[in-house]
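Residue numbers (the numbering used here): 651 to 1216.
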């Protein structure tokens, strides 16, 4: 069992991404609707669900569940940060001094696993069982994919990490409270894996655990039959279903979400607990919520498919797909997290690809060219800027942002257009009832202020021991500069000393070929350990430092390769 304990990048966000205390994204008011949605969290506390089951609530962005058995405690999900998990554990110790005997990960997302070191001793010297789906390694591998900066950036944007007011102790999200000063992220690797529906007894308490690929491919829902308690994990919450997201979620299964509800309906729980948000008690209330939730999911999936088959575009589907009236007005299912139109767009793209049924998409002009033509139609850049300002004055913020975007794409009236778009985004952020929309908009405003996107780097301490070394090599491809390498032919060998692996790179006129094996007569050979390879390919450590420390040894001129990499 390995325990990885690292300082999360969060503390760097406000500084590395250039946000200043004077930024317009700070202190933007929150709408009353959104404030009402997040007011449920109040102070962190343990909520007694049954004599054995307690919900650790509002200690973090996510919940944890403590099941007090005959001779020990079972922890279901561990919160996101070690500091927050330790606070929850302190409260548990006011109720029981029984030892932690097992940890269950409902799935691998960091907010459900990051506090694990608070419950399991570091360094593998614990006999605590840590359970997860057999699919758990897949997400850990995803953490070092070439797309990690994008997926991490979208997470930062969605949760609002980069736009929280500096120094704040806590801020609110619809998923749960965020404590910026709690920064320690850990991960204890599972030592027990489950491949199918499993019934077991832990600390004298009966459990039924069902792996069900849904929000993630390692998702599991959990049933305590003697307690009448079901844990839905992130298959649902008391908000609009999240079958698809603006983030990259390649493992998400819309049909799996629906199957998870069918499983829980068969259990007939009295208490329903979620990965995020308050518990729900009462058989009738629980059954009604699960039923309505699955019916919304079923409708979204079926009606999106119908829209695709009937030839509607993605945007038309997002605007026109409707729910039955009794579901559309359900106060338990408002889109305070992901907006309904986003879910439909995500489903559409997942089901049918990027093509949205309109052949115009296949032939339309590039964005800058289209923007230039639209500006001409508007009567010139100054006229379009005037129209954007009028839209701002009239409260038509989305249209103001659209007009400002045309100017920015065409590099016309850039300073004024940027200010207009920032004003539009921050104004919409103050009005929305969706937490995610608020933070995406504020992050977008921060992009505009800083002159570029948030680009988080890799965290070298992410748990990567199960990731094939060739995945590290893949990180180099997106870093190759096409223009600087357009006329280059360069052969490079990579010798990985501790794993005795060899890879050969070929830069060939703007293309970086990566293969196993070695060139017979390379222009350059780099010799390093596996951990150094990740630092090098992901750009985690300056190459000069790796060279001066002796972490990378060379035969040949490494400068030739570095000159081609971004």
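Here a beta-carbon is modelled for each residue, glycine too, at the ideal position from N, C-alpha and C. The model shown is predicted, which means the values in this text are computed figures rather than measured ones.
Sequence-distant residues of its chain with Cβ nearer than 6 angstroms to residue i (five each side left out)
| i | result |
| --- | --- |
| residue 848 | 859 |
| residue 1014 | none |
| residue 1080 | 678 and 679 |
| residue 1141 | 1156, 1169, 1172 and 1173 |
| residue 1117 | 791 and 794 |
| residue 904 | 893 and 951 |
| residue 845 | 784 |
| residue 884 | 865 and 925 |
| residue 780 | 753, 838, 840 and 841 |
Own chain residues within Cβ distance below 8 angstroms of residue i, not counting five before or after
| i | result |
| --- | --- |
| residue 1120 | 1153, 1164 and 1166 |
| residue 1031 | 1025, 1057, 1060, 1062 and 1063 |
| residue 826 | 691, 708, 710, 711, 712, 713, 926 and 927 |
| residue 1159 | 1135, 1136, 1137, 1138 and 1139 |
| residue 987 | 824, 825, 887, 889, 890, 892, 1084, 1085 and 1086 |
| residue 818 | 830 |
| residue 955 | 1001 |
| residue 1008 | 963 |
| residue 809 | 711, 823, 825, 828 and 1089 |
Own chain, CB closer than 7 angstroms to residue i, minus 5 neighbours either side, in chain order
| i | result |
| --- | --- |
| residue 1110 | For residue 1110, the predicted structure reports a pLDDT of 48, less than 50, and the residue's modelled location is therefore unreliable. A value from the coordinates is still provided. The residues are 1184, 1185 and 1190. |
| residue 1077 | 1047 |
| residue 1095 | 674, 675, 1072, 1075 and 1076 |
| residue 748 | 718, 721, 722 and 723 |
| residue 1054 | 1038, 1067, 1070, 1071 and 1074 |
| residue 785 | 867 and 868 |
| residue 1050 | 1038, 1041, 1042, 1070 and 1074 |
| residue 1018 | 1059 and 1060 |
| residue 914 | 871, 880, 882 and 940 |
Closest Cα partner of residue i within the set the options
| i | options | result |
| --- | --- | --- |
| residue 611 | 983, 986, 996 and 977 | Shown here, the chain extends from 651 to 1216; a query on residue 611 therefore has no answer. |
| residue 991 | 963, 857, 1188 and 731 | 963 |
| residue 1213 | 1176, 1134 and 1168 | 1134 |
| residue 1216 | 1131, 1049, 824 and 1039 | 1131 |
| residue 1138 | 1116, 1176, 1170 and 1210 | 1210 |
| residue 1128 | 761, 1118, 1161 and 1007 | 1161 |
| residue 1175 | 1155, 1104 and 1126 | 1155 |
| residue 737 | 760, 695 and 1088 | 695 |
| residue 790 | 1114, 1179, 764 and 1206 | 1114 |
| residue 896 | 1000, 852 and 949 | 1000 |
| residue 756 | 712, 807 and 985 | 712 |
| residue 833 | 734, 866 and 853 | 734 |
| residue 972 | 936, 1151 and 946 | 946 |
| residue 1126 | 685, 751, 874 and 794 | 794 |
| residue 958 | 700, 944 and 1006 | 1006 |
| residue 684 | 876, 954 and 985 | 985 |
| residue 989 | 1123, 1188, 975 and 969 | 969 |
| residue 716 | 752, 731, 686 and 732 | 752 |
| residue 839 | 878, 765 and 875 | 765 |
| residue 726 | 1045, 880, 1178 and 1144 | 880 |
| residue 1122 | 1099, 1093, 1181 and 1104 | 1181 |
| residue 729 | 837, 836 and 761 | 761 |
| residue 638 | 953, 1196, 900 and 982 | Past the boundaries of the shown model lies residue 638; the chain is included only from 651 to 1216, so the question cannot be answered. |
| residue 979 | 1010, 942, 994 and 1012 | 942 |
| residue 706 | 809, 1177 and 740 | 740 |
Beta-bridge pairing of residue i - partner residues as DSSP gives them
| i | result |
| --- | --- |
| residue 861 | 870 |
| residue 779 | 752 |
| residue 856 | 851 |
| residue 833 | None, per the DSSP bridge assignment. |
| residue 1152 | 1145 |
| residue 1165 | 1154 |
| residue 881 | 872 and 923 |
| residue 822 | 827 |
| residue 1204 | 1176 |
| residue 843 | 782 |
| residue 1215 | 1130 |
| residue 973 | Looking at the DSSP assignment, residue 973 forms no beta bridge with any residue, so it has no partner. |
| residue 1139 | 1158 |
Any chain D beta carbon closer than 9 angstroms to residue i
| i | result |
| --- | --- |
| residue 957 | Given the protein chain composition of this structure (a single chain), no chain D is represented. |
What are the uninterrupted segments assigned as beta strand (DSSP E) that are 3 or more residues long and contained completely in the segment 663-745, given in chain order?
695-698, 703-707, 714-718 and 723-726
Does the segment 682-701 come close enough to the segment 795-813 to have 3 or more Cβ pairs within less than 8 angstroms?
no
Note down, one range per segment and in chain order, each alpha helix (DSSP H) of at least 4 residues found wholly within the segment 993-1049.
DSSP assignment within the segment 993-1049 yields the following whole alpha helix (DSSP H) runs of 4 residues or more, N-terminal first: 1010-1013, 1017-1028 and 1031-1043.
Quick check on the DSSP output: what are the complete alpha helix (DSSP H) runs of length 4 or more inside the segment 887-953, in order along the chain?
904-917
Stretch pair the segment 908-928 + the segment 883-892: three plus CB contacts closer than 8 angstroms
Verdict: yes, contact present.
To test your reading of the DSSP string, which unbroken alpha helix (DSSP H) runs of 4 or more residues are found completely within the segment 1054-1091?
The qualifying runs are 1064-1081.
Does the structure place the segment 899-910 close enough to the segment 808-826 that three or more beta carbon pairs sit under 8 angstroms?
no
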